[in-house]
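Notes for the one structure printed next.
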Amino acid sequence: MKICSLLPSGTEILFALGLGDQITGVSDLCDYPAEARSKPIVSRSKIDVDVLSSDEVEKEIYRILAAGESPYELDQDWILTQSPDVVLTQDLCYFCEVDVAAINKVLQ
Numbered sequence: 096m097k098i099c100s101l102l103p104s105g106t107e108i109l110f111a112l113g114l115g116d117q118i119t120g121v122s123d124l125c126d127y128p129a130e131a132r133s134k135p136i137v138s139r140s141k142i143d144v145d146v147l148s149s150d151e152v153e154k155e156i157y158r159i160l161a162a163g164e165s166p167y168e169l170d171q172d173w174i175l176t177q178s179p180d181v182v183l184t185q186d187l188c189y190f191c192e193v194d195v196a197a198i199n200k201v202l203q
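Numbering (our numbering), first residue to last: 96 to 203.
Right under this line is the structure:
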């Protein structure tokens with residue numbers, strides 16, 4: 096099975112369950128355990144939270160959303176060519192991490 100995990104906590108759980116060898120792609124935030132860092136990054140935040148203050152991050156998120164964009168860049172070519180069996184993400188907060196709607200848009 097090919098699993099694409101775009102949720103850091105999900106990636107950690109998959110490794111803990113012994114499924115790390117089935118993970119074929121991750122987000123730029125999936126950095127634990129260390130083995131996750133060797134996986135292809137297929138989702139990146141457009142906002143560099145390491146250089147911006149909390150206030151600047153919030154303003155940048157609202158700017159991106161007001162423009163009708165997503166705060167994340169998905170590697171659509173990777174998703175379409177690799178065709179993962181499972182894409183693990185979240186659907187609670189559309190600017191916290193890639194959500195289901197963004198994945199569905201790529202797959203349509």
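Glycine included, every Cβ here is placed at the ideal spot set by N, Cα and C. All figures in this text were calculated on a predicted structure; none of them were measured in a lab.
Mind checking which residues open and close the alpha helix (DSSP H) that includes serine 104? Note, serine 104: alpha helix (DSSP H), 103–111.
Nearest to lysine 141 by alpha carbon, out of Leu109, Pro128 and Glu168? By alpha-carbon distance to lysine 141, the top candidate from Leu109, Pro128 and Glu168 is Glu168.
Which residues does DSSP list as the beta-bridge partners of isoleucine 156? Looking at the DSSP assignment, isoleucine 156 forms no beta bridge with any residue, so it has no partner.
Are the Cβ atoms of threonine 106 and proline 179 separated by less than 7 Å? It is not a contact, given that the beta carbons lie outside the stated cut-off.
Going by CA-CA distance only, name the one from Val182, Thr184, Ser149 and Leu102 that's closest to tyrosine 127. Distance check between tyrosine 127 and each of Val182, Thr184, Ser149 and Leu102 places Leu102 closest, using alpha-carbon atoms only.
Valine 137 and valine 144 - do their beta-carbons sit closer together than 7 Å? In this structure, valine 137 does not lie closer than 7 Å to valine 144 by Cβ.
Evaluate serine 122 with the Cβ neighbour count: other Cβ atoms within 10 Å of its Cβ, from every protein chain shown; 16 or more gives buried, anything less gives exposed. The residue in question, serine 122, is buried, as its Cβ has 16 or more Cβ neighbours within 10 Å.
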